[in-house]
Amino acid sequence: MPETEHTEEFKKLSEIIAFVAGMALFLVFIYQILPILSPFILVAAILFLLYPARHHLYVRRMMWLAVFLFLLWFFHALIGTLAPFIIAFLLAYLLNPLVEVFEQRNIPRWLSSLLIIVVFLGAIISSIVLLIPTLVGQFRGIIEGLTVFAWNTVDQIKQGQLLTWLENVGIPTNDLRDMIANQLPTRFESIVRALLEGALGFLTSVSTIITQVFGLIIIPFTTFYLLMDYPAILQKLRSLIPVPRRESVTVYIAKIDDMLGHYLRGILLLALIQGIATTTGLFLIGIHYALVLGILTGILNLIPYIGFYSCLVLSAIVALFSGDPVVGKFIGVIILYVGLNVLENMVLAPKIVGKKVGVHPILLILSLVVFGYFLGFVGLVIAVPMTAVILMFVKMWEEYNTSTAVAETK
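Numbering of the sequence shown is given in our numbering, commencing with residue 4 and proceeding in unit increments.
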């Protein structure tokens with residue numbers, strides 16, 4: 004009996020030693036082939052090892068986590084390749100209501116999709132060919148004009164009574180004179196140049212990308228087929244949702260679509276209206292570089308608060324070096340921007356965008372900072388609807404907890 008127990012213990016010890024040695028050699032082997040390992044191999048190995056124990060809850064969660072991380076890596080690795088298809092899907096999503104309007108008037112879906120793509124493609128190409136050279140020249144003109152304006156402002160301050168008054172009340176002005184004469188214009192010029200050259204770089208890079216992609220006919224071709232088969236695609240995606248959760252998931256998606264889609268389509272239309280109206284108004288007032296300022300106003304109108312005030316200040320400054328009558332043009336710019344902003348908020352936005360998204364101003368500013376930091380200009384555009392969607396889910400969660408608590412008390 005003692006010999007049998009000794010043999011069993013020796014056997015278990017041998018198995019443990021063999022297991023530890025095997026694991027050590029396996030890790031050494033993994034280290035040696037590390038350069039050729041890919042997420043494909045790793046996720047396959049994880050699923051292979053965990054599949055036999057899939058009946059455990061935490062094992063299933065680890066498997067789903069591995070699949071999620073793999074998909075995250077996969078889309079990140081292919082983002083450049085998938086970009087045209089993502090853009091095509093977004094365009095199809097935004098243009099689908101217009102196709103449905105034509106479809107309700109007995110125009111075949113394929114024909115309305117084709118007409119919309121042709122018009123959209125023609126507008127993009129015409130804008131690139133006709134507007135980009137003018138925009139580049141006007142951007143440079145604004146930079147040069149703002150630089151001259153900065154130096155003239157410094158001269159006016161130096162020749163004015165402000166510094167004399169400060170000296171009379173006993174405040175030393177030597178350092179202030181040095182800052183005004185040497186540092187202020189340079190800093191102002193560098194800030195303005197960086198902002199406008201960044202905007203110019205954004206427009207030129209976007210036009211280059213659009214030209215290359217549209218030259219390959221990827222986006223319009225894909226958008227056409229997505230628009231034509233949009234209902235069938237949605238139905239297919241809906242069928243992939245598990246039956247027990249299909250109804251609830253469909254309700255959530257419908258709410259998100261109503262909020263996100265309606266908002267994005269609305270603000271894009273408002274941006275177009277604001278851009279055209281501002282360009283026309285500035286041109287009639289006699290402001291230099293009206294085309295650039297109008298397009299900037301339209302683009303930045305997508306960003307709540309920040310866009311309006313930024314363009315108002317920039318256009319007001321440009322009015323100061325747009326020739327006589329300076330005061331009249333300056334006041335005209337203020338009236339134009341304030342009037343268009345009131346018209347948008349009181350008349351256009353309620354009719355086009357619909358009900359407000361209900362985001363508190365402080366939370367709105369915070370969301371702009373966060374989304375803008377991580378996603379850049381796109382983040383600034385989608386910050387409001389995405390924050391509203393998050394708040395909607397929080398409200399649903401609160402209602403669910405409340406109903407659950409009431410049910411438990413009964």
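Backbone N, C-alpha and C define an ideal beta-carbon position, used for all residues, glycine too.
Remember, predicted model here, so these are calculated numbers, not experimental data.
Tell me the residue span of the alpha helix (DSSP H) that contains Phe-2.
Given that the chain is displayed from residue 4 to residue 413, the structure contains no residue 2 and the question cannot be resolved.
Assuming Glu-250 is part of the alpha helix (DSSP H), what are its boundary residues?
246–259
Measuring straight from C-alpha to C-alpha, what distance separates Gly-218 and Leu-117?
Confidence is the limiting factor: at Gly-218 the pLDDT is only 46, short of 50, which leaves the residue's position unreliable and the question unanswerable from this model.
Here's the rule I'm using: 16 or more other beta-carbon atoms within 10 Å means buried, otherwise exposed. How should Val-151 be labelled?
exposed
Any idea what DSSP makes of Thr-407, helix, strand or coil?
helix
Run of the alpha helix (DSSP H) containing Ser-242, from where it starts to where it stops
233–242
Using the Cα positions of Asp-232 and Lys-354, report the straight-line distance between them to the nearest angstrom.
29 Å
Apply the 10 Å Cβ neighbour rule to Thr-3 and answer buried if 16 or more other Cβ atoms are within range, or exposed otherwise.
Because the chain here runs from 4 to 413, residue 3 falls outside it and cannot be looked at.
Just to check my reading of the structure: Thr-137 and Leu-294 have Cβ atoms closer than 8 Å, yes? What is that Cβ distance to the nearest angstrom?
6 Å
Compare the C-alpha of Ala-322 against each of Ile-302, Ile-279 and Leu-285 and name the closest.
Between Ala-322 and the set Ile-302, Ile-279 and Leu-285, the nearest pair of CA atoms involves Leu-285.
With a Cβ-Cβ cutoff of 8 Å, do Gly-278 and Gly-301 count as a contact?
yes
Here's the rule: buried if 16 or more other CB atoms are within 10 angstroms of the residue's CB, otherwise exposed. What is Lys-332?
buried
By Cβ distance below 7 Å, which residues in the same chain neighbour Ile-221 in space, the five residues on each side in sequence not counted?
Pro-87
Classify Met-4 as helix, strand or coil using the three-state DSSP reduction.
In this prediction, Met-4 scores a pLDDT of 49, lower than 50, which makes its location untrustworthy; no coordinate-derived value is stated.
Using DSSP with H/G/I as helix, E/B as strand and the rest coil, what is His-265?
helix
Considering just the uninterrupted stretch of the alpha helix (DSSP H) at Ile-44, what are its terminal residues?
It spans 42–53 - the alpha helix (DSSP H) in which Ile-44 sits, taken as one unbroken run.
Helix, strand or coil for Pro-307? Go by DSSP, reduced to three states.
coil
Does Ser-115 pass the burial test, meaning 16 or more other C-beta atoms within 10 Å, or should it be called exposed?
buried
At which residues does the alpha helix (DSSP H) containing Asn-109 begin and terminate?
Counting along the chain, no alpha helix (DSSP H) covers Asn-109, and no H or E run does either.
Is Met-389 near Phe-374, with beta carbons less than 8 Å apart?
Yes, the pair counts as a contact, with Cβ atoms nearer than the cut-off.
Tyr-228, DSSP secondary structure in three states
Tyr-228: helix per DSSP, three-state reduction.
Tyr-340: buried (16+ other C-beta within 10 angstroms of its C-beta) or exposed?
Around the beta carbon of Tyr-340, 16 or more other beta carbons lie within 10 angstroms, which makes this residue buried.
Same chain, Cβ closer than 7 Å to Gly-310, five either side skipped, listed in chain order:
Leu-303 and Asn-304
Local conformation of Pro-100 per DSSP, three classes
helix
Could you tell me whether the Cβ atoms of Val-372 and Ile-306 are closer together than 8 Å?
In terms of Cβ geometry, Val-372 and Ile-306 do not form a close pair [threshold 8 Å].
Hey, how far is the Cα of Tyr-403 from the Cα of Leu-346?
40 Å
Would DSSP call Gly-218 helix, strand or coil?
Below a pLDDT of 50, predicted positions are generally treated as unreliable, and Gly-218, at 46, falls in that range; the measurement from the model is reported next regardless. Note: Gly-218 maps to helix in three-state DSSP.
Alpha-carbon to alpha-carbon, Met-65 and Ile-19:
26 Å
Check whether the Cβ atoms of Leu-230 and Val-392 lie closer than 8 Å to each other.
no
Local Cβ density within 10 Å of Ala-274, reported as buried at 16 or more and exposed below that
buried
Roughly how many angstroms separate the alpha carbons of Ile-299 and Ser-318, rounded to a whole number?
For clarity, residue 299 is Leu in the given sequence; the question names Ile instead. Going from the Cα of Leu-299 to the Cα of Ser-318 covers about 10 Å.
So His-291 and Ser-325 are in contact, right, with Cβ under 8 Å, and what is the actual spacing, rounded?
4 Å
Classification of Thr-282 by the beta-carbon crowding that lies within 10 angstroms, buried from 16 upward:
buried
How many Å lie between Ile-337 and Leu-72 at the Cα?
51 Å
Take Phe-92 and list the residues in its own chain whose beta-carbon comes closer than 7 Å to its own, dropping the five residues that flank it on each side.
Leu-229
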